[in-house]
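S.K.: The opening position of the sequence shown corresponds to residue 1 in full-length UniProt numbering, with each subsequent residue numbered one higher. Glycine included, every Cβ here is placed at the ideal spot set by N, Cα and C.
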Amino acid sequence: MVLGTHTSDNEPNYLMLAQVQLPLDDAEADARHYDDDHADIVSCVVIERVLVVYWRGNTISHVSDRKCSYKSFALSFFVHFHYITFEALTLSVIGLVLGDVNAKQHFLHRLILSRNHCILFLMRLKVQIVQQINHDGEVNRARYMPQNSFIIATKTVSAEVYVFDYSKHPSKPPLDGACNPDLRLKGHNSEGYGLSWSIFKEGHLLSGSDDAQICLWDITANGKNKTLDAYQIFKLLVPHGMAHSQLSIFHDGVVEDVAWHLRHEYLFGSVGDDHHLLIWDMRTPAPTKPVQSVVAHQGEVNCLAFNPFNEWVVATGSTDKTVKLFDLRKIDTSLHTFDCHKEEVFQVGWSPKNETILASCCLGRRLMVWDLSRIDQEQTPEDAEDGPPELLFIHGGHTSKISDFSWNPCEDWVLASVAEDNILQIWQMAENIYHDEDDLPSDEPAKAS
1 MVLGTHTSDN
11 EPNYLMLAQV
21 QLPLDDAEAD
31 ARHYDDDHAD
41 IVSCVVIERV
51 LVVYWRGNTI
61 SHVSDRKCSY
71 KSFALSFFVH
81 FHYITFEALT
91 LSVIGLVLGD
101 VNAKQHFLHR
111 LILSRNHCIL
121 FLMRLKVQIV
131 QQINHDGEVN
141 RARYMPQNSF
151 IIATKTVSAE
161 VYVFDYSKHP
171 SKPPLDGACN
181 PDLRLKGHNS
191 EGYGLSWSIF
201 KEGHLLSGSD
211 DAQICLWDIT
221 ANGKNKTLDA
231 YQIFKLLVPH
241 GMAHSQLSIF
251 HDGVVEDVAW
261 HLRHEYLFGS
271 VGDDHHLLIW
281 DMRTPAPTKP
291 VQSVVAHQGE
301 VNCLAFNPFN
311 EWVVATGSTD
321 KTVKLFDLRK
331 IDTSLHTFDC
341 HKEEVFQVGW
351 SPKNETILAS
361 CCLGRRLMVW
371 DLSRIDQEQT
381 PEDAEDGPPE
391 LLFIHGGHTS
401 KISDFSWNPC
411 EDWVLASVAE
421 DNILQIWQMA
431 ENIYHDEDDL
441 PSDEPAKAS
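1) Helix, strand or coil for Thr-220 per DSSP?
2) What are the boundary residues of the alpha helix (DSSP H) that includes Ala-153?
3) Sort Val-157, Pro-146, Ile-151 by Cα distance to Gly-137 and report the nearest one.
4) Flag this pair as touching only if the region 164-179 and the region 190-208 have three or more C-beta atom pairs under 8 Å; answer yes or no.
5) Measuring CA to CA, which of Val-127, Val-2, Ile-219 is closest to Val-163?
6) Which same chain residues end up closer than 6 Å to Ala-18 when comparing Cβ atoms and leaving out the 5 residues on each side of it in sequence?
7) Please name the residue, chosen from Pro-146, Lys-155, Ile-214, that lies closest to Leu-15 on a Cα-to-Cα basis.
8) Per DSSP, what are the beta-bridge partners of Cys-362 in this structure?
9) I'd like to know whether the C-beta atoms of Phe-306 and His-261 end up nearer to each other than 9 Å.
10) Please name the residue in His-398, Phe-405, Leu-335, Ile-331 whose C-alpha comes closest to that of Ala-359.
11) Answer yes if the region 372-389 comes into contact with the region 422-431, meaning at least three C-beta pairs across the two stretches below 8 Å, and no otherwise.
12) Based on Cα-Cα distance, which residue from Cys-340, His-135, Asp-182 lies nearest to Ile-151?
13) Considering Asp-327, what are the terminal residues of the beta strand (DSSP E) in which it resides?
14) Please go through the same chain and pick out, in chain order, the residues whose beta-carbon is closer than 6 Å to the beta-carbon of Met-282, but skip the five residues on each side of it.
15) Can you name, in chain order, every residue of its own chain whose Cβ lies under 7 Å from the Cβ of Val-295, other than the five neighbours on each side?
16) List the endpoints of the continuous beta strand (DSSP E) containing Glu-256.
17) Taking the CB atoms as reference points, tell me whether Val-297 and Thr-319 lie closer together than 9 Å.
18) Drop a sphere of 10 angstroms on the beta-carbon of Leu-216, count the other beta-carbons inside from all chains shown, and report buried for 16 or more, exposed for fewer.
19) Rank Asn-432, Leu-415, Arg-365, Ala-384 by C-alpha distance to the C-alpha of Thr-399 and give the top, closest one.
20) If you run the structure through DSSP and keep just helix, strand and coil, what is Ser-190?
21) Using 9 Å as the threshold, is the C-beta distance between Leu-372 and His-395 below it?
22) Given a cut-off of 9 Å, decide if Lys-186 and Ala-230 are closer than it, judged by their beta-carbon atoms.
23) Less than 9 Å between the beta carbons of Ser-207 and Pro-146, yes or no?
24) Classify Ser-417 as buried or exposed, calling it buried when 16 or more other Cβ atoms lie within 10 Å of its own Cβ.
25) Where do the ends of the alpha helix (DSSP H) carrying Ala-384 lie?
26) For Ile-133, collect the residues of the same chain with a Cβ closer than 7 Å to its Cβ; drop the 5 residues on either side in sequence, then sort them by chain order.
27) So, under 8 Å CB-CB, Pro-352 and Trp-407 are touching, yes? Tell me the CB distance rounded to an integer number of Å.
28) Write down the C-beta distance between Ile-357 and Val-345 rounded to the nearest angstrom, noting that I regard them as a contact closer than 8 Å.
29) What does DSSP give as the partner residue(s) for Ser-334 in the beta ladder?
30) Taking the beta carbon of Ser-209 as the centre, do at least 16 other beta carbons fall within 10 Å, making it buried, or is it exposed?
31) When the Cα atoms are used, what is the spatial distance from Leu-228 to Ser-403?
32) So what does DSSP say about Lys-235, is it helix, strand or coil?
33) Quick one: complete beta strand (DSSP E) runs, 3+ long, within the region 287-313?
34) In three-state DSSP terms, what is Tyr-144?
35) Among the candidates Arg-263, Ser-8, Asp-9, Gly-253, whose CA atom is the shortest distance from the CA of Lys-201?
36) So Val-348 packs on Thr-316, CB below 8 Å; how close in whole Å?
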(Lines of atoms letter the chains of each structure in order from A; the text may use other names.)
(Lines give C-alpha, C1' and ligand atoms only; values in the text may rest on other atoms or scores of the structure.)
Protein backbone atom coordinates (compact mmCIF):
# COMPACT_ATOMS: atom_id res chain seq x y z
CA MET A 1 0.00 0.00 0.00
CA VAL A 2 1.32 3.46 -0.96
CA LEU A 3 0.68 6.32 1.49
CA GLY A 4 1.65 9.99 1.56
CA THR A 5 1.57 12.38 4.51
CA HIS A 6 0.12 15.87 5.01
CA THR A 7 1.70 17.12 8.22
CA SER A 8 1.58 20.47 9.98
CA ASP A 9 3.75 22.51 12.37
CA ASN A 10 6.89 21.84 10.32
CA GLU A 11 6.71 18.09 10.94
CA PRO A 12 8.48 16.02 8.25
CA ASN A 13 6.52 14.49 5.39
CA TYR A 14 7.05 11.02 3.99
CA LEU A 15 6.17 8.78 1.10
CA MET A 16 5.40 5.51 2.86
CA LEU A 17 4.98 1.85 2.01
CA ALA A 18 2.64 -0.09 4.27
CA GLN A 19 1.25 -3.58 4.50
CA VAL A 20 -1.69 -5.20 6.24
CA GLN A 21 -2.68 -8.85 6.40
CA LEU A 22 -6.30 -9.27 5.39
CA PRO A 23 -8.30 -12.05 7.09
CA LEU A 24 -9.10 -15.13 5.06
CA ASP A 25 -12.64 -15.97 4.00
CA ASP A 26 -12.91 -18.49 6.82
CA ALA A 27 -12.70 -15.70 9.38
CA GLU A 28 -14.03 -17.71 12.31
CA ALA A 29 -11.32 -20.35 11.99
CA ASP A 30 -8.44 -18.02 11.31
CA ALA A 31 -9.33 -15.31 13.79
CA ARG A 32 -7.86 -17.33 16.65
CA HIS A 33 -4.41 -17.31 15.03
CA TYR A 34 -4.02 -13.52 15.26
CA ASP A 35 -2.24 -12.30 18.38
CA ASP A 36 -2.42 -8.89 20.02
CA ASP A 37 0.59 -7.67 18.06
CA HIS A 38 -1.22 -8.06 14.77
CA ALA A 39 -4.96 -7.65 15.28
CA ASP A 40 -7.84 -7.23 17.66
CA ILE A 41 -10.38 -10.04 17.34
CA VAL A 42 -13.91 -8.72 17.42
CA SER A 43 -16.93 -11.00 17.57
CA CYS A 44 -19.99 -9.71 15.78
CA VAL A 45 -23.21 -10.95 14.25
CA VAL A 46 -24.60 -10.82 10.76
CA ILE A 47 -26.81 -7.76 10.43
CA GLU A 48 -30.21 -8.61 8.96
CA ARG A 49 -32.80 -7.09 11.25
CA VAL A 50 -31.48 -4.97 14.04
CA LEU A 51 -32.11 -3.19 17.27
CA VAL A 52 -30.78 0.33 16.98
CA VAL A 53 -30.02 1.88 20.36
CA TYR A 54 -29.53 5.65 20.39
CA TRP A 55 -27.92 7.35 23.33
CA ARG A 56 -26.44 10.65 24.39
CA GLY A 57 -24.16 10.84 27.41
CA ASN A 58 -25.36 8.14 29.82
CA THR A 59 -28.99 8.24 28.69
CA ILE A 60 -30.61 5.89 26.18
CA SER A 61 -32.87 8.16 24.13
CA HIS A 62 -34.82 5.46 22.29
CA VAL A 63 -34.63 1.97 20.82
CA SER A 64 -35.99 1.03 17.41
CA ASP A 65 -36.45 -2.39 15.81
CA ARG A 66 -36.25 -2.31 12.03
CA LYS A 67 -34.97 -3.98 8.91
CA CYS A 68 -31.32 -3.11 8.32
CA SER A 69 -30.75 -0.26 5.87
CA TYR A 70 -27.09 -0.24 4.90
CA LYS A 71 -27.53 3.13 3.21
CA SER A 72 -28.45 4.97 6.38
CA PHE A 73 -26.15 3.41 8.99
CA ALA A 74 -22.97 5.38 9.56
CA LEU A 75 -21.22 3.53 12.37
CA SER A 76 -19.13 5.63 14.72
CA PHE A 77 -17.21 2.58 15.91
CA PHE A 78 -17.59 -1.10 16.71
CA VAL A 79 -18.56 -2.08 20.25
CA HIS A 80 -16.12 -4.87 21.13
CA PHE A 81 -17.11 -7.93 23.12
CA HIS A 82 -16.38 -11.64 22.86
CA TYR A 83 -18.73 -14.57 22.37
CA ILE A 84 -21.96 -12.85 23.44
CA THR A 85 -25.12 -14.15 21.80
CA PHE A 86 -27.99 -11.89 20.86
CA GLU A 87 -30.15 -13.22 23.69
CA ALA A 88 -27.49 -12.20 26.21
CA LEU A 89 -27.58 -8.58 25.13
CA THR A 90 -30.14 -7.39 27.63
CA LEU A 91 -30.68 -3.73 28.45
CA SER A 92 -28.46 -4.16 31.52
CA VAL A 93 -25.63 -5.44 29.32
CA ILE A 94 -26.24 -2.58 26.90
CA GLY A 95 -26.03 -0.19 29.82
CA LEU A 96 -22.64 -1.60 30.79
CA VAL A 97 -21.40 -1.26 27.23
CA LEU A 98 -22.65 2.30 27.01
CA GLY A 99 -21.05 3.13 30.31
CA ASP A 100 -17.67 1.99 29.03
CA VAL A 101 -18.09 3.88 25.81
CA ASN A 102 -19.30 7.11 27.36
CA ALA A 103 -16.08 7.54 29.27
CA LYS A 104 -14.60 8.56 25.93
CA GLN A 105 -17.56 9.59 23.79
CA HIS A 106 -20.28 12.06 24.75
CA PHE A 107 -22.22 12.63 21.56
CA LEU A 108 -25.10 10.71 20.00
CA HIS A 109 -24.26 7.15 18.96
CA ARG A 110 -26.05 4.14 17.59
CA LEU A 111 -25.40 0.61 18.80
CA ILE A 112 -26.54 -1.94 16.23
CA LEU A 113 -27.44 -5.45 17.38
CA SER A 114 -28.49 -8.22 15.03
CA ARG A 115 -31.28 -10.73 15.39
CA ASN A 116 -29.19 -13.32 13.58
CA HIS A 117 -27.54 -15.66 16.10
CA CYS A 118 -24.59 -16.75 13.98
CA ILE A 119 -21.37 -15.36 15.41
CA LEU A 120 -18.71 -14.30 12.91
CA PHE A 121 -15.49 -12.39 13.40
CA LEU A 122 -14.04 -9.08 12.35
CA MET A 123 -10.39 -8.14 12.58
CA ARG A 124 -9.30 -4.64 13.48
CA LEU A 125 -5.96 -5.14 11.78
CA LYS A 126 -2.88 -3.07 12.38
CA VAL A 127 -1.21 -1.40 9.43
CA GLN A 128 2.56 -1.90 9.41
CA ILE A 129 4.71 0.84 7.89
CA VAL A 130 7.57 -0.99 6.18
CA GLN A 131 9.34 1.96 4.55
CA GLN A 132 9.50 5.75 4.91
CA ILE A 133 11.04 8.04 2.30
CA ASN A 134 11.66 11.73 3.00
CA HIS A 135 9.46 14.03 0.92
CA ASP A 136 9.69 17.80 0.41
CA GLY A 137 6.37 19.12 1.66
CA GLU A 138 2.99 17.42 1.54
CA VAL A 139 2.29 14.52 -0.79
CA ASN A 140 -0.67 15.72 -2.83
CA ARG A 141 -1.00 12.42 -4.65
CA ALA A 142 1.02 9.23 -5.09
CA ARG A 143 0.62 6.59 -7.80
CA TYR A 144 2.74 3.53 -8.62
CA MET A 145 3.63 2.54 -12.18
CA PRO A 146 1.55 -0.49 -13.30
CA GLN A 147 4.46 -2.17 -15.09
CA ASN A 148 6.83 -1.81 -12.14
CA SER A 149 5.35 -1.22 -8.70
CA PHE A 150 8.76 -0.16 -7.33
CA ILE A 151 8.36 3.09 -9.29
CA ILE A 152 6.14 5.68 -7.56
CA ALA A 153 5.32 9.19 -8.78
CA THR A 154 4.20 11.92 -6.38
CA LYS A 155 2.57 15.32 -6.85
CA THR A 156 4.28 17.82 -4.59
CA VAL A 157 3.47 21.26 -3.21
CA SER A 158 6.03 22.64 -5.65
CA ALA A 159 5.72 22.55 -9.42
CA GLU A 160 7.85 19.41 -9.74
CA VAL A 161 6.66 15.82 -9.92
CA TYR A 162 8.90 13.36 -8.06
CA VAL A 163 9.64 9.80 -9.12
CA PHE A 164 11.00 7.32 -6.57
CA ASP A 165 12.30 3.79 -7.04
CA TYR A 166 11.71 2.59 -3.50
CA SER A 167 13.93 -0.46 -4.00
CA LYS A 168 16.86 1.99 -3.97
CA HIS A 169 15.91 3.67 -0.69
CA PRO A 170 16.42 2.46 2.89
CA SER A 171 13.47 1.42 5.02
CA LYS A 172 14.20 4.27 7.44
CA PRO A 173 14.76 7.79 6.07
CA PRO A 174 17.99 9.75 6.61
CA LEU A 175 17.90 11.76 9.82
CA ASP A 176 18.92 14.95 8.02
CA GLY A 177 15.49 15.01 6.34
CA ALA A 178 16.95 15.29 2.86
CA CYS A 179 14.58 14.36 0.04
CA ASN A 180 16.32 12.53 -2.80
CA PRO A 181 13.90 11.49 -5.53
CA ASP A 182 15.39 9.37 -8.27
CA LEU A 183 13.92 11.72 -10.85
CA ARG A 184 12.48 15.24 -10.84
CA LEU A 185 9.97 15.92 -13.62
CA LYS A 186 9.74 19.52 -14.84
CA GLY A 187 7.15 21.32 -16.93
CA HIS A 188 4.59 22.71 -14.50
CA ASN A 189 4.61 26.15 -12.91
CA SER A 190 2.53 25.31 -9.84
CA GLU A 191 1.30 22.41 -7.73
CA GLY A 192 -1.66 20.18 -8.49
CA TYR A 193 -3.29 16.79 -8.00
CA GLY A 194 -3.81 15.12 -11.38
CA LEU A 195 -1.52 12.12 -11.93
CA SER A 196 -1.93 9.03 -14.12
CA TRP A 197 0.39 6.29 -15.43
CA SER A 198 -0.37 4.63 -18.75
CA ILE A 199 -1.13 0.93 -18.41
CA PHE A 200 -0.03 0.39 -22.03
CA LYS A 201 3.19 2.38 -22.37
CA GLU A 202 5.71 1.86 -19.60
CA GLY A 203 6.99 5.11 -18.16
CA HIS A 204 4.36 7.39 -19.74
CA LEU A 205 3.08 9.70 -17.02
CA LEU A 206 0.39 12.40 -17.25
CA SER A 207 0.05 15.28 -14.80
CA GLY A 208 -2.43 18.13 -14.39
CA SER A 209 -1.86 21.19 -12.19
CA ASP A 210 -3.11 24.58 -11.09
CA ASP A 211 -1.20 26.23 -13.97
CA ALA A 212 -3.89 25.07 -16.46
CA GLN A 213 -1.38 22.71 -18.08
CA ILE A 214 -1.20 18.99 -18.74
CA CYS A 215 2.32 17.57 -18.93
CA LEU A 216 3.40 14.24 -20.40
CA TRP A 217 6.72 12.54 -19.65
CA ASP A 218 8.34 9.30 -20.75
CA ILE A 219 10.67 8.43 -17.89
CA THR A 220 12.19 5.54 -19.87
CA ALA A 221 13.77 8.14 -22.18
CA ASN A 222 15.85 9.55 -19.35
CA GLY A 223 19.52 8.70 -19.13
CA LYS A 224 21.49 9.26 -15.95
CA ASN A 225 20.12 12.76 -15.39
CA LYS A 226 18.17 13.46 -12.23
CA THR A 227 15.77 15.82 -14.02
CA LEU A 228 13.53 15.35 -17.05
CA ASP A 229 11.54 17.93 -18.99
CA ALA A 230 8.05 17.14 -20.27
CA TYR A 231 8.20 16.07 -23.89
CA GLN A 232 4.66 17.31 -24.50
CA ILE A 233 2.64 20.06 -22.81
CA PHE A 234 -1.06 20.64 -23.39
CA LYS A 235 -2.13 24.17 -22.52
CA LEU A 236 -4.25 27.11 -23.61
CA LEU A 237 -2.51 29.36 -26.12
CA VAL A 238 -4.34 32.51 -27.19
CA PRO A 239 -3.14 33.73 -30.61
CA HIS A 240 -2.78 37.46 -31.10
CA GLY A 241 -6.11 39.09 -31.87
CA MET A 242 -8.24 36.10 -30.81
CA ALA A 243 -10.65 36.40 -27.90
CA HIS A 244 -10.05 34.11 -24.92
CA SER A 245 -13.65 32.84 -25.16
CA GLN A 246 -13.03 31.49 -28.67
CA LEU A 247 -10.71 28.82 -27.23
CA SER A 248 -13.16 27.23 -24.84
CA ILE A 249 -12.13 23.74 -25.98
CA PHE A 250 -9.01 24.10 -23.82
CA HIS A 251 -8.84 24.26 -20.04
CA ASP A 252 -8.63 27.90 -19.03
CA GLY A 253 -8.19 27.23 -15.32
CA VAL A 254 -6.91 24.62 -12.88
CA VAL A 255 -6.62 21.11 -14.34
CA GLU A 256 -7.90 19.10 -11.38
CA ASP A 257 -7.43 15.57 -12.70
CA VAL A 258 -6.15 13.53 -15.64
CA ALA A 259 -6.62 9.86 -16.52
CA TRP A 260 -5.43 7.55 -19.26
CA HIS A 261 -8.10 5.46 -20.95
CA LEU A 262 -7.97 1.84 -19.81
CA ARG A 263 -8.84 0.24 -23.16
CA HIS A 264 -7.30 2.58 -25.75
CA GLU A 265 -3.64 3.48 -25.29
CA TYR A 266 -3.76 6.79 -27.17
CA LEU A 267 -6.73 8.31 -25.34
CA PHE A 268 -6.79 10.25 -22.09
CA GLY A 269 -9.19 12.59 -20.33
CA SER A 270 -8.91 15.71 -18.22
CA VAL A 271 -11.24 17.82 -16.06
CA GLY A 272 -10.88 21.22 -14.49
CA ASP A 273 -12.24 24.27 -12.76
CA ASP A 274 -13.71 25.50 -16.06
CA HIS A 275 -16.47 22.83 -15.62
CA HIS A 276 -15.21 20.92 -18.68
CA LEU A 277 -14.45 17.29 -19.45
CA LEU A 278 -11.96 16.99 -22.32
CA ILE A 279 -10.97 13.86 -24.26
CA TRP A 280 -7.59 13.80 -26.00
CA ASP A 281 -6.27 11.49 -28.76
CA MET A 282 -2.51 11.29 -29.24
CA ARG A 283 -2.97 9.93 -32.80
CA THR A 284 -4.54 13.09 -34.20
CA PRO A 285 -2.50 15.41 -36.45
CA ALA A 286 -2.74 18.09 -33.74
CA PRO A 287 -2.64 16.09 -30.50
CA THR A 288 -2.44 19.28 -28.43
CA LYS A 289 -6.13 19.87 -29.15
CA PRO A 290 -8.84 17.73 -27.52
CA VAL A 291 -11.05 15.65 -29.80
CA GLN A 292 -14.08 16.04 -27.52
CA SER A 293 -15.20 18.70 -25.06
CA VAL A 294 -18.29 19.09 -22.90
CA VAL A 295 -19.43 21.29 -20.03
CA ALA A 296 -19.83 18.37 -17.66
CA HIS A 297 -21.04 20.07 -14.47
CA GLN A 298 -22.39 23.30 -13.09
CA GLY A 299 -19.35 23.58 -10.84
CA GLU A 300 -15.65 22.79 -10.90
CA VAL A 301 -14.91 19.21 -11.97
CA ASN A 302 -12.52 17.56 -9.52
CA CYS A 303 -12.07 14.02 -10.79
CA LEU A 304 -12.70 11.49 -13.54
CA ALA A 305 -12.38 7.74 -14.00
CA PHE A 306 -12.76 5.54 -17.08
CA ASN A 307 -14.66 2.29 -16.66
CA PRO A 308 -12.17 -0.62 -16.90
CA PHE A 309 -14.76 -2.90 -18.55
CA ASN A 310 -16.85 -0.60 -20.77
CA GLU A 311 -14.69 1.43 -23.15
CA TRP A 312 -17.34 4.12 -23.63
CA VAL A 313 -18.20 5.03 -20.03
CA VAL A 314 -16.45 7.68 -17.93
CA ALA A 315 -17.47 9.04 -14.50
CA THR A 316 -16.85 12.55 -13.18
CA GLY A 317 -17.26 14.24 -9.78
CA SER A 318 -17.77 17.92 -9.07
CA THR A 319 -18.08 20.70 -6.54
CA ASP A 320 -21.76 20.82 -7.53
CA LYS A 321 -22.10 17.73 -5.27
CA THR A 322 -22.92 15.34 -8.12
CA VAL A 323 -21.31 12.37 -9.85
CA LYS A 324 -22.11 11.99 -13.55
CA LEU A 325 -21.73 9.28 -16.17
CA PHE A 326 -20.89 10.06 -19.79
CA ASP A 327 -20.88 7.95 -22.97
CA LEU A 328 -17.94 8.88 -25.18
CA ARG A 329 -20.04 8.13 -28.27
CA LYS A 330 -22.51 10.87 -27.29
CA ILE A 331 -20.72 13.02 -24.78
CA ASP A 332 -22.94 16.10 -25.07
CA THR A 333 -25.47 14.75 -22.56
CA SER A 334 -24.73 12.79 -19.39
CA LEU A 335 -26.11 9.27 -19.07
CA HIS A 336 -26.99 9.58 -15.39
CA THR A 337 -26.50 11.85 -12.40
CA PHE A 338 -25.88 10.62 -8.84
CA ASP A 339 -26.93 13.41 -6.50
CA CYS A 340 -26.88 12.01 -2.95
CA HIS A 341 -23.68 13.69 -1.79
CA LYS A 342 -24.20 16.67 0.50
CA GLU A 343 -20.79 18.24 -0.18
CA GLU A 344 -18.25 18.60 -2.98
CA VAL A 345 -17.20 15.33 -4.65
CA PHE A 346 -13.42 14.91 -4.70
CA GLN A 347 -12.77 11.40 -5.98
CA VAL A 348 -14.42 8.68 -8.07
CA GLY A 349 -13.20 5.14 -8.71
CA TRP A 350 -14.53 2.04 -10.46
CA SER A 351 -14.35 -1.41 -8.94
CA PRO A 352 -11.65 -3.46 -10.70
CA LYS A 353 -13.82 -6.57 -10.34
CA ASN A 354 -17.37 -5.42 -11.15
CA GLU A 355 -18.35 -3.41 -14.22
CA THR A 356 -21.33 -1.66 -12.65
CA ILE A 357 -19.82 -0.73 -9.26
CA LEU A 358 -18.57 2.82 -8.70
CA ALA A 359 -17.40 4.58 -5.53
CA SER A 360 -17.19 8.31 -4.79
CA CYS A 361 -16.21 10.43 -1.80
CA CYS A 362 -16.97 13.98 -0.77
CA LEU A 363 -16.03 16.76 1.61
CA GLY A 364 -18.81 15.55 3.93
CA ARG A 365 -16.75 12.54 5.15
CA ARG A 366 -18.89 10.00 3.32
CA LEU A 367 -17.81 7.42 0.76
CA MET A 368 -20.69 6.12 -1.33
CA VAL A 369 -20.78 2.93 -3.38
CA TRP A 370 -23.12 2.83 -6.37
CA ASP A 371 -24.46 -0.05 -8.46
CA LEU A 372 -25.38 1.07 -11.97
CA SER A 373 -27.36 -2.12 -12.60
CA ARG A 374 -29.92 -0.97 -10.01
CA ILE A 375 -30.72 2.37 -11.64
CA ASP A 376 -34.51 2.82 -11.99
CA GLN A 377 -35.31 -0.30 -9.98
CA GLU A 378 -38.60 -0.18 -8.10
CA GLN A 379 -38.39 0.63 -4.39
CA THR A 380 -40.64 0.45 -1.38
CA PRO A 381 -41.42 3.82 0.25
CA GLU A 382 -39.24 2.79 3.21
CA ASP A 383 -36.24 2.03 0.99
CA ALA A 384 -36.75 5.24 -1.01
CA GLU A 385 -36.26 7.26 2.18
CA ASP A 386 -32.67 6.01 2.35
CA GLY A 387 -31.76 7.01 -1.22
CA PRO A 388 -32.16 5.91 -4.84
CA PRO A 389 -31.94 2.20 -5.73
CA GLU A 390 -28.44 2.58 -7.20
CA LEU A 391 -27.04 3.80 -3.87
CA LEU A 392 -25.68 0.52 -2.57
CA PHE A 393 -23.79 1.56 0.56
CA ILE A 394 -22.54 4.57 2.52
CA HIS A 395 -19.29 4.21 4.43
CA GLY A 396 -19.53 6.66 7.32
CA GLY A 397 -16.53 5.59 9.37
CA HIS A 398 -14.45 8.73 8.79
CA THR A 399 -14.74 11.86 10.90
CA SER A 400 -12.73 14.14 8.58
CA LYS A 401 -12.64 14.85 4.88
CA ILE A 402 -11.61 11.79 2.87
CA SER A 403 -8.41 12.63 0.98
CA ASP A 404 -8.28 9.57 -1.25
CA PHE A 405 -9.49 5.99 -1.59
CA SER A 406 -8.54 2.94 -3.60
CA TRP A 407 -10.10 -0.39 -4.51
CA ASN A 408 -8.01 -3.47 -3.74
CA PRO A 409 -7.08 -4.86 -7.19
CA CYS A 410 -7.01 -8.47 -5.93
CA GLU A 411 -9.63 -8.82 -3.20
CA ASP A 412 -13.22 -8.24 -4.28
CA TRP A 413 -15.16 -5.47 -2.49
CA VAL A 414 -12.18 -4.40 -0.36
CA LEU A 415 -11.39 -0.67 -0.20
CA ALA A 416 -8.90 1.52 1.60
CA SER A 417 -9.76 5.12 2.42
CA VAL A 418 -7.74 7.80 4.18
CA ALA A 419 -8.83 11.10 5.72
CA GLU A 420 -7.24 14.40 6.65
CA ASP A 421 -7.08 13.39 10.33
CA ASN A 422 -4.48 10.73 9.35
CA ILE A 423 -6.92 7.85 9.80
CA LEU A 424 -6.56 5.00 7.31
CA GLN A 425 -9.43 2.51 7.08
CA ILE A 426 -9.45 -0.79 5.20
CA TRP A 427 -12.94 -2.19 4.90
CA GLN A 428 -15.24 -4.52 3.04
CA MET A 429 -19.00 -4.56 2.68
CA ALA A 430 -20.96 -7.55 3.90
CA GLU A 431 -21.97 -9.96 1.16
CA ASN A 432 -25.67 -9.56 1.85
CA ILE A 433 -25.40 -5.85 0.96
CA TYR A 434 -24.48 -6.37 -2.68
CA HIS A 435 -26.23 -9.72 -3.23
CA ASP A 436 -29.98 -10.06 -3.40
CA GLU A 437 -31.44 -12.38 -0.77
CA ASP A 438 -32.39 -14.91 -3.44
CA ASP A 439 -28.75 -15.13 -4.58
CA LEU A 440 -27.39 -16.08 -1.16
CA PRO A 441 -26.96 -19.75 -0.19
CA SER A 442 -29.83 -20.87 1.98
CA ASP A 443 -27.69 -23.11 4.19
CA GLU A 444 -25.24 -20.46 5.36
CA PRO A 445 -25.56 -16.84 6.46
CA ALA A 446 -23.99 -13.93 4.64
CA LYS A 447 -20.53 -12.87 5.75
CA ALA A 448 -20.24 -9.69 7.78
CA SER A 449 -17.42 -7.23 7.35
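M.R.: According to the structure data:
1) helix
2) No alpha helix (DSSP H) contains Ala-153, which is instead part of the beta strand (DSSP E) from 148-155.
3) Val-157
4) no
5) Ile-219
6) Met-1, Leu-3, Val-127, Ile-129
7) Lys-155
8) Val-345
9) yes
10) Phe-405
11) no
12) Asp-182
13) 323-327
14) Tyr-266
15) His-275, His-276
16) 255-260
17) Reading the sequence as shown, one finds His at residue 297 and not Val. Yes, these two residues count as a Cβ contact at 9 Å.
18) buried
19) Arg-365
20) coil
21) no
22) yes
23) no
24) buried
25) 381-384
26) Tyr-14, Leu-15, Phe-164, Tyr-166, His-169, Pro-173
27) 5 Å
28) Not really, about 17 Å apart at Cβ, beyond 8 Å.
29) DSSP, once it has assigned bridges, lists no residue as partnering Ser-334.
30) buried
31) 29 Å
32) strand
33) 292-295, 301-306
34) strand
35) Arg-263
36) 7 Å
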